[in-house]
Each structure stands twice: as C-alpha cells, then as structure tokens.
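Have a look at the structure below before the remarks.
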Amino acid sequence: MQVNLYPKEWILMTEKNKRYYIVTIFLFVLHFSVSAQTSDVILQGEAEDYKNTELTFYTFSDLITKQEEPLAKTKVDKEGKFTCRLPIEDTMQVFLNMGIYKAYLFVTPGNEYNIKLPPRKDKSKEQKMNPYFQNRSYHIRIENGEKNILNTQIYRFLRTYNRIINQNIELIYNSPHVLDSLANLIDTTHNYNSPYFNQFKKYKLGDLRITSTNNEPSNILEALFAEQDIPYRNTAYMDLFNQTFENYFEEFYSKYDRSIDRIVNQAGKLANLDSVLQKADLLKDHPQLRKLVMLKGLHDAYYGNNYKKSSIVKLLDRFQEFSEDDYHKKIAKNIHDKVTRIRVGFEAPDFCLYDLDSNLVCLDSLQGNYIYLGFCNTDNYTCLRQFKLLNNLYERHKNHFKIIIIATDENLEKLKRHVERNKYKWTILHYGNEPEILKKYNVRTIPSYFFIVPDGTLSLSPAPTPTEKVEQKIFKEMRKRGDI
C-alpha cells in the first residue's frame, strides 16, 4: 500500500500555486538568513559632562565626498547615562561632533560597546562662528575590553606608526630609502587576525613603501590596488586611494590619452571614458576600481579650471544607469548633490529654523515667493551697516520679494534685544537648531547673500550685498521670468 506523504490540499494545488508557495517559503528563509547576517551595534555609557544633552552618531556617507550621514540620536539622561542602537552592516568608523572634538571609534555589526566619551570642552565663540573649524580627532575609549580589540589594535598601531616616523623624520628627509625598512618594522610590530585591521595596516604602510626610493611606485600601487573587492569603508584604503588618484584626469591627460578632456567636456559616453581609462596599467583589469577612479576624477575636475561644470553634472546624472554597484551610485549622487548644492539653476538647500518668536520657518513653505536670503551676525560691523539698507529695501519692495536673514549670533537674547531696539521688519531666523546650514550654503564669509526664485531654485549665488546695487540685479532676474 502506498502512503501519501503530502496533504490532500497540496495534491489538489495547481502547478502555479505550488510555485507560489515554494517562492514564499524561499523568501521567508532568505529573510531570516539575511537578518542573521546583519545586526545592529549598541553603544552605551555614562557621561557626567553631557547630562540632558543629545548625542548624534554619524558616519561618512562615502569617503570621497565625506558627507556626514547621521545614524542615530540619543538623549543623555539626568544621571548621565545613554544607550543608542546603530544600524550597521559592515565594520566602519562612526563619530560624534562634540564641542572641539570629532570623537570616533570603529564598530562591528552585532557588538555592544560601553564607551567613555571625552571630557566636555565646548567651542569658543570664534570657533562656533567658523563653519570650517577643524575638530580635533579623539579615539573613544571602550571599557568592555573584550569588544575593544579592533580599536585597541588600530590605536596602538597608529601610535607606533606616528612615533617611529616622527623619531626618524630627519633621516627620512635625507634618505627616503629608509622608509621601506621602517614600514617593515612597523608591520612586524603589530599583528591581529582581523580583515579590517589587516587592510588598515596594509594601506597605511603602503604610503610609506610608495615613497621609498627602494621601490618602483607603480609596482607597489598595482599590488595595493589589485583586490577586486574594494573595502569602501576602510579609512586607510580610501585615504591612500584619494591621495593616489587626486586630480587624476589631469595626470592621465599628460601621461596616457588627451581624449579624456574631450570626453569629459562634451559629456560623452561614460563607456568611452571607461575605455580610455583602461590604458592605465593600474586600471585595465579592474573595472570596479576604474569606476571609482572615474567618480573621484569627476569630483576633483569639478573644482578645477579645465573642465565644464555643466558637463560633469550630466555625467554624474548618468552614473546611476552606468554602474550596477549600489555604492558607486551612492557616491555619484553624493558628488552631484555636493557640487550642485548652491549652483544657479539648482534647488536651494532646504532649512527649518526658528524665528525670534520661536516659530519654525522652513524654506519649502516659502515657495512661490522671491527671497533675498542673507547670513549675518550682529557682532559684525558690515552686517550692522547693511541692516539699515535692508530696512529701506524692505519698505520699497516688500510686495516684490521677501528678505530673510539667518543670524549666526551665539547670544540669542542679545540678538533679540538688538532687533527689538532697531525694529527690523524683515524676517530674522536663528541658525542654532541647524548650524550645518552654513555648510549647506558654503558660507565662508559673513555676510553672504543668495537670491531664490519662486520655484525654489537659486537665481543669484552668491547674490550682491545691499551695498552692491542689489535692486538692479534682483529686478533683472524677475524680468527674465516676466514678473515685473
């Protein structure tokens, strides 16, 4: 007698239904398989100096543009304790911007870290007003030692690296060939069985070996960049990559093929650019590296004088379809966003800032209006002089365009008193809850101005100041659009 091992319902199913259930079960198993491979990182600790403050953990979205990407926020409670969960899929560096420090550590998926934050040291008034202030690096200490091995090894390796180089700096300057020996010495001093650490050490020491007169740089570079799987998140690899391929299109033009200029400036096919780059021995057998070099080349070329910026933007737009690598697509988007951020014809960076009555004002809620946007500070004499001109500008043209000033004053109460005393009628917002607005608009000097048209794009970037016949320029822009 034959026993049927399948339920009656299964026997009666159509082939189509059977396939459906098989696929469903497969996806169910796949989901749990993937979930098992990726897990969050937990960071916790006690920080007396940071009671009742908010901590934001970041990583770099990519290590070419180094755009800061927030991962998670947490509140330090009244007792100084905090816990935070980070969505991490690979070993990577994460950091906090804490006063004068950029405090960082390396984290691995699935680990829990008890961390010790640096003593609190806030920025001075001058440092806060400088959007390009360079924070000091601080390697965060991890108190549960068994989870700290990678960070400890990297910290000790860097300490040895810097000590040996600094102690031999005069010898290195006079006899560059000793660099190879020093690299071998440092290499044998630190060993730890970790893929991330081994790559970190390899590429950090690679820089010394390239510089040594004992080696042929091209041979060392070929050995260093031979790996097909690129460690995009390894800071030492990307530091060496950025250094090696800085302004690479210019080097390629003089060394290999001059047609690279024509392809870039005419926004030619990315496939043609890829073919030309294969003429470099370092790149010919490495398609992933070639695409990464293309992205780095486009990034650097945008800030040079030999290439059309509009063509570079077009090439970056096309990269989404050209590369199948999601990380390449991410880098291309980051570069595109970075180079077009305050470019005429592109969308003005959004913001949501509080006015002096604690009302939240967002740029996207003002679309449909012409906006004369400025960045000023009441401690700046030039700004104070221009405020008087803004009063006149407002009275004459309040029906034509809005005037919005983003104040970078540190003392909010002092700012309020100044505004009340002078009875300014145009809108003043304070940058306090979104200080990164200065970087978004690439504000390098105070005052700075921009003109935004009703569809939310930049029309004048930068715009003239109130002392530079700004009315004529603004009305010229409005006439172009038939609004006056």
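Heads up, the sequence shown is in this note's numbering, so the first residue is 3 and it goes up one at a time.
Quick reminder that beta carbons are idealized off the backbone N, C-alpha and C, glycines included.
DSSP state of Pro72 mapped onto helix, strand, coil: strand
Beta-carbon contacts of Pro178 that lie in its chain and below 7 angstroms, excluding the five residues immediately before and after: Thr213, Ser214, Thr215
Every unbroken alpha helix (DSSP H) inside the stretch 340 to 420 [4 residues or more]: 383 to 399
Local conformation of Ile454 per DSSP, three classes: strand
Start-to-end residues for the beta strand (DSSP E) that takes in Phe108: 103 to 109
C-beta atoms of Leu362 and Lys418 nearer than 7 angstroms: no
Secondary structure of His179, DSSP reduced to three states: coil
Sub-7 angstroms separation of Tyr443 and Thr467 beta-carbons: no
Residues that DSSP places opposite Asn99 in a beta bridge: Under DSSP, Asn99 forms a beta bridge with Lys104.
Distance CB(Phe84)-CB(Thr93) smaller than 7 angstroms: no
Backbone CA spacing between Phe28 and Glu91 [nearest angstrom]: Caution is warranted here: a pLDDT of 42 is assigned to Phe28, below 50, making its placement in the model unreliable, and no coordinate value can be reported.
CB of Pro449 within 7 angstroms of CB of Cys385, strictly: yes
Every unbroken beta strand (DSSP E) within the stretch 440 to 486, with a cutoff of 3 residues, ordered by chain: 450 to 454, 460 to 462
Best match in Ser463, Tyr52, Arg87, Leu57 for proximity to Val43 [C-alpha to C-alpha]: Measuring from the Cα of Val43, the nearest candidate turns out to be Arg87.
Cross-strand partners of Thr61 (DSSP beta bridge): Glu71
Closest Cα partner of His290 within the set Val315, Lys271, Asp328: In the sequence as presented, His is not what sits at residue 290; that position holds Gln. Checking every option, the nearest Cα to that of Gln290 belongs to Asp328.
Coil, strand or helix - Lys77 by DSSP: Three-state DSSP puts Lys77 in a strand.
C-alpha gap between Pro121 and Ala74, whole angstroms: 21 angstroms
Contact belief for Lys310 with Gln322 at Cβ below 8 angstroms, rounded distance in angstroms: Lys310 to Gln322, Cβ: 20 angstroms. No contact.
Check whether Tyr258 and Gln201 have beta carbons under 7 angstroms apart: no
Contact belief for Gln69 with Asn336 at Cβ below 8 angstroms, rounded distance in angstroms: Rounded to the nearest angstrom, the Cβ distance from Gln69 to Asn336 is 5 angstroms, consistent with a contact under 8 angstroms.
C-beta atoms of Leu318 and Ala303 nearer than 7 angstroms: Taking 7 angstroms as the cut-off, the Cβ atoms of Leu318 and Ala303 do not count as close.
Euclidean distance between Cα positions of Tyr194 and Gln155: Answer to the nearest angstrom: the Cα atoms are 7 angstroms apart.
Contact the stretch 134 to 148 vs the stretch 183 to 190: 3+ CB pairs below 8 angstroms: no
Pairwise C-alpha distance: Leu65 and Ile232: A straight-line Cα-Cα distance of about 12 angstroms links Ile232 and Leu65.
Run of the beta strand (DSSP E) containing Ile232, from where it starts to where it stops: It is not in any beta strand (DSSP E) - Ile232 carries neither H nor E in the DSSP assignment.
Reference Trp428; option with closest CA among Lys390, Gln136, Asp182: Lys390
Start and end residues, alpha helix (DSSP H) containing Leu284: Where Leu284 is concerned, there is no enclosing alpha helix (DSSP H), given that its DSSP letter is neither H nor E.
Where Ile144 sits in the DSSP three-state scheme: strand
Ser37 versus Asn307: straight-line alpha-carbon distance, rounded: Here Ser37 scores only 38 on pLDDT, less than 50, and its place in the model should not be relied on; the value that follows carries that caveat. Near 48 angstroms, if we compare the C-alpha coordinates of Asn307 and Ser37.
Proximity below 7 angstroms, CB of Arg343 to CB of Pro351: Against a cut-off of 7 angstroms, the Cβ pair of Pro351 and Arg343 comes out as a contact.
Spatial neighbours of His432 in its chain, beta-carbon cut-off 8 angstroms, leaving aside the 5 residues before and after: Leu355, Tyr356, Asp357, Leu358, Ile408, Ala409, Asp411, Leu414, Leu417
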